[in-house]
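Step one of this worksheet: look at the structure below.
Numbering (my numbering), first residue to last: 9 to 582.
This is the structure:
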């Protein structure tokens, strides 16, 4: 480290940081950026190496939830703060006394998404693609969960670009001496005095030269302790800590915790700072609000242990349970994550199946993650346009078809079902019953009308220009050989987001167990359920992971910058 917070020399003569940020993910970078904009000095600690700067946000598709944006208006989408507020409120389902701050955070975030958010990011250099995605459509009634209109704005450059627009100014501040990074520093304790958090204590871990996302060693080298007038916890969620997820899993709401679940986040996403913060007096709320996906597939080329990738599907694939029974409405691809989660787990199994064909997979399948979308991530307009115009599936999809353990491709229904049964983790699918269900659906595609609710949903999707261009194939018979071969995909459950956590006020200051703010302690990002202890409530409308990290990091950073006490000398403790 260059100027303050050193662990290998007496730093008593060094000026102390105005704030310590625990976690070098997106929320931590945003908070640090806001602090340095105000001329404050920041020490950023992270248990991983510099290669992991930006945390989980780097691996994301870069989706951002915006309201009434120019991109929406150009596509004929009529959105408003009022409509988005109604969608958010019905989706969140706030119903607890502890939802006091999450409600306020939700309202503040909606106003941010309708106004400052796009301008704030654009001023930093971030650009968006012209097509707005329609995620979490709900489909179960106007007064229930879901986005009424498309709001998923895709970053040109995906997750790495979102990270870059904050990383670069933070690194520039580092060069000026305003920021010090302490990588491989694992915080084990928040130092408290007279009820206030005054610093952090932990272990320096042995050097690690692993690539981004690869699990690193936990060898302890020496102790460290640093002090500052404010500590901002931005350590992320619990997505790779399955024991912690199971402890708080809402079985009564979603069904029994699955026997098998893929990890949608790296191994360092362990949730350690939740308990550490609680030990220092912080209030933890909504621990049972966990957002896991239902469309996970095993990564054939994994980066971290148990690495899973989410399929972001269009509306046409037929969805069957492990026994080969078609799911009822509104359990269609991309419609209602939690409802479908419950439907899957109620079968007694922890996996399900998509059945589709080559025409559907070419147009409707996308994979979540920056590494699975090299054209968008590398900002290559030629390859991106070729992908839209191509009659072939994108190369990452083809790789999963060829090498993925969850994919079955077949020319006949007999071969398809045999392949599904080879990959079964329990029941045997009856060929004739499965095929008859597909035929029943296929009969509804021969005319412009349909009594099949999923076929109706496809027509509705294609009424939106964005979906018609890139996401929803024209309704056709799945069993038509002209659209073959047939494809089945085994879907596992996939961990991802933590929708509850540290309770904070609108300044990001952590609320204590005694209902009073904890002096000196702030938090932002996923460790706060993206704001307040869970601003999403029970459901996420998507595009809100990155936006929640940005907004909460911004609020905490600005609040600490406005109220940081005069710095005192940093001292090393053992």
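All residues carry an ideal CB built from backbone N, CA and C; glycine is no exception. Model, not experiment: these values are computed from the prediction.
task: Reducing DSSP to helix, strand and coil, say where residue 300 ends up.
output: It is a strand residue.
message: Quick check on residue 229: buried or exposed, where buried means 16 or more other Cβ atoms within 10 Å of its Cβ?
response: For residue 229, the number of other beta carbons within 10 angstroms of its own is below 16, and it is reported as exposed.
message: Can you tell me whether residue 336 is buried or exposed? The criterion is at least 16 other CB atoms within 10 Å of its CB, across all chains shown.
response: Per the 10 Å Cβ criterion, exposed.
- prompt: If you scan the region 29 to 100 from start to end, which runs of the beta strand (DSSP E) of 3 or more residues do you find wholly inside it?
  reply: Correct list: 50 to 54 and 71 to 73.
message: Please give me, in chain order, every unbroken run of the alpha helix (DSSP H) with length at least 4 that falls completely inside the region 338 to 365.
response: The region 338 to 365 contains these whole alpha helix (DSSP H) runs: 345 to 353.
query: Which one or two residues does DSSP pair with residue 520 in a beta bridge?
result: Answer is 290.
- prompt: Could you give the distance in angstroms between the alpha-carbon of residue 276 and the alpha-carbon of residue 460?
  reply: Near 44 Å, if we compare the C-alpha coordinates of residue 460 and residue 276.
query: Taking just the CA atoms, how far does residue 443 sit from residue 175?
result: Between residue 175 and residue 443, the C-alpha separation is close to 52 Å.
- request: Report the three-state DSSP secondary structure of residue 536 (helix, strand or coil).
  value: Looking at residue 536 - three-state DSSP - the assignment turns out to be strand.
- prompt: DSSP beta-bridge partners for residue 161?
  reply: 72 and 140.
task: Identify which residue in 479, 400 and 376 has its Cα closest to the Cα of residue 65.
output: Nearest in C-alpha terms to residue 65, of all of 479, 400 and 376, is 376.
query: Apart from the five residues on each side of it in sequence, which residues of its chain come closer than 6 Å, Cβ to Cβ, to residue 405?
result: Cβ neighbours of residue 405 within its own chain (closer than 6 Å, five residues either side excluded): 373.
Residue 262 - DSSP class collapsed to helix/strand/coil: Of the three classes helix, strand and coil, the one that applies to residue 262 here is helix, per DSSP.
- request: Just the C-alpha distance for residue 203 and residue 248, rounded to the nearest angstrom, thanks.
  value: Using only the alpha carbons, I get a separation of about 32 Å.
Residue 471 versus residue 236 - alpha carbon distance: CA-to-CA, the gap between residue 471 and residue 236 works out to about 55 Å.
Three-state secondary structure assigned by DSSP to residue 17: Note that residue 17 scores 32 on pLDDT, short of 50, meaning its location in the model is unreliable; the coordinates nonetheless yield the value given after this. Coil.
field: Best match in 104, 95 and 295 for proximity to residue 253 [C-alpha to C-alpha]
entry: Ranking the options by Cα distance to residue 253, first place goes to 295.
Which of helix, strand or coil DSSP assigns to residue 503: In the structure shown, residue 503 sits in a strand (DSSP, three-state: E or B).
- request: Could you check if residue 283 is buried or exposed, using at least 16 other CB atoms within 10 Å of its CB as the buried criterion?
  value: It is exposed - the Cβ of residue 283 has fewer than 16 other Cβ atoms within 10 Å.
- request: Please list, in chain order, all residues of the same chain as residue 526 whose beta carbon is under 8 Å from its beta carbon, the five residues on each side excluded.
  value: Residues of the same chain with a CB within less than 8 Å of the CB of residue 526, apart from the 5 flanking positions on each side, are 203, 204, 205, 288, 289, 290, 517, 518, 519 and 520 in chain order.
task: For residue 451, count neighbouring Cβ atoms within 10 angstroms of its own Cβ and tell me buried if that reaches 16, exposed if not.
output: Counting Cβ neighbours within 10 Å, residue 451 comes out exposed, since fewer than 16 surround it.
message: Taking the alpha helix (DSSP H) that residue 197 belongs to, which residues open and close that run?
response: If you look at residue 197, you'll find it isn't in any alpha helix (DSSP H); it sits in the beta strand (DSSP E) that goes 193 to 201.
task: May I have the straight-line CA-CA distance separating residue 132 from residue 380, to the nearest angstrom?
output: Note on geometry: alpha-carbon atoms of residue 132 and residue 380 lie some 25 Å from one another.
- prompt: To the nearest angstrom, how far is it from the Cα of residue 304 to the Cα of residue 548?
  reply: Those two C-alpha atoms are separated by around 17 Å.
query: So residue 239 is in the beta strand (DSSP E); what residue range does that whole segment cover?
result: Segment 239 to 241, the beta strand (DSSP E) holding residue 239.
Buried or exposed (CB count within 10 angstroms, at least 16 for buried), residue 550: Looking at its Cβ environment, which holds 16 or more other Cβ atoms inside 10 Å, residue 550 is buried.
query: When DSSP builds the beta bridges, which residues end up paired with residue 316?
result: Beta-bridge partners assigned by DSSP to residue 316: 306.
- prompt: Which residues bound the beta strand (DSSP E) around residue 487?
  reply: Unbroken run through residue 487: none, as it is neither H nor E.
task: Note down, in chain order, each residue of its chain lying with its Cβ closer than 8 Å to the Cβ of residue 575, except the 5 sequence neighbours on either side.
output: Below a pLDDT of 50, predicted positions are generally treated as unreliable, and residue 575, at 35, falls in that range; no measurement from the model is reported.
Sufficient close CB pairs (3 or more, under 8 Å) joining the region 140 to 153 to the region 173 to 190: The answer is no - the region 173 to 190 does not touch the region 140 to 153, with fewer than three Cβ pairs under 8 Å.
query: Considering only the beta carbon of each residue, do residue 497 and residue 361 sit closer than 8 Å?
result: For residue 497 and residue 361, yes; Cβs fall inside 8 Å.
- prompt: Roughly how many angstroms lie between the CA atoms of residue 493 and residue 28, to the nearest whole one?
  reply: For residue 493 and residue 28, the distance between alpha carbons rounds to 56 Å.
- request: Would you decide whether residue 189 is buried or exposed? Buried here means 16 or more other CB atoms lie within 10 Å of its CB.
  value: Classification for residue 189: buried.
query: With which residues is residue 512 paired in a DSSP beta bridge?
result: Residue 512 is bridged to 518.
- prompt: DSSP state of residue 236, grouped into three classes?
  reply: Three-state result, residue 236: coil.
query: By how many angstroms is the C-alpha of residue 318 removed from the C-alpha of residue 271?
result: Cα to Cα, residue 271 sits roughly 10 Å from residue 318.
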